[in-house]
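Report on the following structure.
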Amino acid sequence: MRSLTATAGLLAGAALTAGCAAGSANSAARRETASGQVAAAAQRRIDPALRQRALAIMATTPLIDGHNDVPWGYRARVHNHIDQLDLAGDTSALDRPMHTDLRRLRQGRVGGQFWSVYVPIEKPGGDAQDVVDVLEQIDLVHRLVDRYSD
């Protein structure tokens, strides 16, 4: 199984590439390339005994992802139309790849996540539309949980 090594590689890749220049047209492509390279390196170098130990721990202790922007991805990509983007499919193959889909969550043995219902607030204090935007994001989370309850 590659799940642990892929997860470790992606986490290491994210840490490694976090310093990419913000706003650079190629920064996302560089991050994806670097993440893939780190994941491949992790798969080649992992000690089998450590891998087995980690898998045993993960079998009894859930891995919790402390932050995931899936709701924002739906808002930005498909205006919260959950029928237009399927988390059961391979979201890494999209024109603008996502970091999350159900297959990769299961491969990485993710036992739970905290989803952000972030919306940008343009001015201090916000306005009524900001409240609507937040409520739409909360509604989206409820609809996604209902759709992917398993």
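Okay, so the sequence shown: first residue is 315 according to our numbering, each after it adds one. Using N, Cα and C, we set each Cβ at its ideal position, and we do this for glycine too.
Between MET412 and GLY440, the gap from beta carbon to beta carbon reaches 8 Å or more. Three or more beta-carbon pairs drawn from the segment 378-385 and the segment 422-434 are found closer than 8 Å, and the two stretches are therefore classed as touching.
For the pair ILE435 and ASP444, the Cα-to-Cα distance works out to about 7 Å. For GLN421, the enclosing alpha helix (DSSP H) begins and ends at 416-421. In the structure shown, LEU377 falls within a strand segment according to DSSP collapsed to helix, strand and coil.
A straight line joining the alpha-carbon of ILE396 with that of ILE452 spans about 13 Å.
The bridge partners DSSP lists for TRP429 are ASN382. Counting only residues of its own chain and dropping the five nearest sequence neighbours on each side, PRO376 has a CB closer than 7 Å to the CB of GLY425 and GLY426. Under the 10 Å beta carbon count, PRO385 is surrounded by 16 or more other beta carbons and is classified as buried. Taking all protein chains in view, the Cβ of ASP415 is crowded by 16 or more other Cβ atoms within 10 Å, so the residue is classified as buried.
Boundaries cannot be given for ASP400, as no alpha helix (DSSP H) includes it and DSSP labels it neither H nor E. Under the DSSP definition of a beta bridge, VAL392 lacks any partner. Counting C-beta atoms within 10 angstroms of its own C-beta, ALA368 has 16 or more neighbours from the protein chains shown and is therefore classed as buried. Between the alpha carbons of SER463 and ARG410 lies a distance of about 25 Å.
Membership of ARG410 in any alpha helix (DSSP H) is not indicated, and neither H nor E is assigned to it by DSSP.
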